[in-house]
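These notes are about the structure you will find just below.
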Amino acid sequence: MNKLFLFMVAVIGVSCCSTSNAIVNSTLIEQDFQIENTTFQYWVAGIKGGGAGYHFNLSLTKELPKNTALLKVVFRKKSVPLIKVDELHYNANLIVRVGGTEGDGQTPNLDSNLNDTQAQLFYTINGKEMSRIIDNVKEIPLMAYPSAKPKNN
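Here the sequence shown is numbered in the working numbering, starting from 383 and rising by one per residue.
Below, the structure written as structure tokens:
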């Protein structure tokens, strides 16, 4: 009976330790960089045939570690590289249509299981590619271009 008890205690101890290590490793990856805010803004060119798309913005709580690089974002079935604005801000421009129709010049569509308020962020840590789902990407009001008067007025 004592041997069985000791065996069960050992098994439970090993199980707890491996679960604890998995949680710690997951937490370390999440702490490599933290996202403060993600937003998107639908834009239209404001002139006939000008096109439309989304501005996607990502803000971090602190500068990325030297071993980490943000690669691209998938949002609303579009995938584009992220552009670094400064140490804490990145953006992307997802083009939905150009010249008034969907077709040439737009960001190609992908198969994606993400809903309209989710994005998938692709990044590397020490050269290893990883991804993370971002929930609740916030919409900010529409931006219509141009802000200047048309030439013929």
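Where a beta carbon is used, it is the ideal one built from N, C-alpha and C, also for glycine.
Which residue's Cα is closest to the Cα of residue i: the options?
i	options	result
F502	E469, K460 and V455	Per the sequence presented here, residue 502 reads as Gln, with Phe not at that position. Nearest C-alpha to Q502: V455.
Q416	L442, K430 and Y505	L442
I477	V462, E469 and A451	V462
D468	K460, T499, L440 and G428	L440
K430	K466, G509 and V480	V480
K460	N497, G432 and A427	N497
Tell me, to the nearest whole angstrom, how far the beta carbon of residue i is from that of residue j; I am working on the premise that it is less than 8 Å.
i	j	result
N495	F438	Between F438 and N495 the Cβ distance is about 18 Å, and since that is not below 8 Å, they are no contact.
L470	Y505	About 15 Å; that fails the 8 Å criterion.
T421	I522	5 Å
Would you decide whether residue i is buried or exposed? Buried here means 16 or more other CB atoms lie within 10 Å of its CB.
i	result
R536	Given a span of 383 to 535 for the chain in the structure shown, any question on residue 536 remains unanswerable.
G435	buried
L464	buried
Can you name, in chain order, every residue of its own chain whose Cβ lies under 6 Å from the Cβ of residue i, other than the five neighbours on each side?
i	result
N518	T499
L446	F415
Secondary structure, alpha helix (DSSP H): runs of 4+ residues fully inside the stretch 433 to 511 = Runs found: none.
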